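Numbering (the working numbering), first residue to last: 38 to 89.
For glycine and all other residues, C-beta sits at the position ideal for the given N, C-alpha and C.
Here the structure is a predicted model, which is why all the values come from computation and not from measurement.
Just below is one structure, and these are the notes that go with it.
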């Protein structure tokens, strides 16, 4: 399990800044708000088919 700070919320995903200073996209959940610190697992990571 990893921890990140919600820095942006988009239509299909949220962007988190992790403790390792990485930006990670995760699937949206009802309780996500900018500024929240949240825990996430590998299954929460948003993989867009259009990204290469």
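Problem set entry | residue 83 vs residue 50 beta-carbon contact at 8 Å | yes
Exercise. Cα separation between residue 74 and residue 47?
Worked result: 17 Å
For this session: Would you check if the distance between the CB atom of residue 43 and the CB atom of residue 69 is smaller than 8 Å?
Result: yes
For this session: Please say whether residue 71 and residue 60 have beta carbons closer to each other than 8 Å?
Result: no
Problem set entry | Cβ neighbours of residue 63 in the same chain (closer than 7 Å, five flanking residues each side left out) | 50, 51, 53, 77, 81, 82, 83
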